[in-house]
Amino acid sequence: MKILARSFYDQDTVDVAQALIGKILVRKINGNTISGVIVETEAYRYKDDPASHTYGGMTGRNQAMFGPVGRAYVYFTYGMHYCVNAVAKSQDCDAGAVLLRSLVPLQGIDFMSVQRNTCDISNLTNGPAKLTQALMITKKEYGEDLTKKSSLYITDGFEIKKSEILAGPRIGIKKAIDKLWNFKTTKNVFEEN
DNA sequence: CTGTTGATCTGCT
DNA sequence: GCAGATCAACAGT
């Protein structure tokens, strides 16, 4: 399984969000391998996107989204939840990232069950804050290089056709809901719908 | 410095 | 379907 190259993230954020569907997120913890297929993403851009963290300029929290592509952007929200993004943008964009919303577990399911305190497979990683908890992703992973074989990276996965990707409004935000930058596939059985 | 809001999930009704 | 948990960024004083 090949790790996605830096150039993969060097495209328009919305394109990368679609391309990431079907790819595999891999996490290494103490010799354990935990992985899952990415089945839902959301694109967040910059000046044309009022819902993005970057709208309004760089801050201490979002500076990773302005940095080099192919890195992880982790943030803390609602007082108790972490979410992961992959920094991705084209050359003419100053900032952008793809939120990983949902996974289908592949390896390390027992580990995830312990983290999430449930045995329900379909409930392990089917939400942005759930998957960070299941994969033990915290602020320590802020800025991790996803193109190196480190403790967190993304590899090639299943081939998903454009026709199998569904676009819709992004979830949980009130701004820019006219932008259909939420992408998911119904190919896998574990999706909740 | 203070108050409000939020890219969420859980548990209860 | 709805409130609550709980904190970092931001706008306003």
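Quick note: the first sequence uses my numbering, first residue 2, plus one each step.
For each residue, glycine too, the CB sits at the ideal point set by N, CA and C.
- By the criterion of at least three beta-carbon pairs nearer than 8 Å, the stretch 32–52 is in contact with the stretch 173–187.
- A residue is called buried when at least 16 other Cβ atoms come within 10 angstroms of its Cβ; residue 6 does not meet this threshold and is exposed.
- By the Cβ test, the stretch 83–100 is not in contact with the stretch 114–122, since fewer than three Cβ pairs between them sit closer than 8 Å.
- Pairing residue 169 with residue 46, the inter-Cα distance amounts to about 16 Å.
- In the DSSP assignment, residue 29 forms a beta bridge with 34.
- Contiguous beta strand (DSSP E) elements confined to the stretch 80–157 occur at 82–88, 98–108 and 153–156, taking only those with 3 or more residues.
- Residue burial annotation: residue 172 is exposed, with fewer than 16 other C-beta atoms found within 10 angstroms of its C-beta.
- Residue 185 is bridged by DSSP to 41 and 167.
- Residue 40 sits away from residue 176, with the two beta carbons spaced by 8 Å or more.
- Judged by DSSP in its simplified three-state form, residue 14 adopts helix.
- With contact defined as three or more Cβ pairs closer than 8 Å, the stretch 106–114 and the stretch 60–69 are not in contact.
- A check of alpha carbon separations from residue 141 across 9, 72 and 187 identifies 72 as the nearest.
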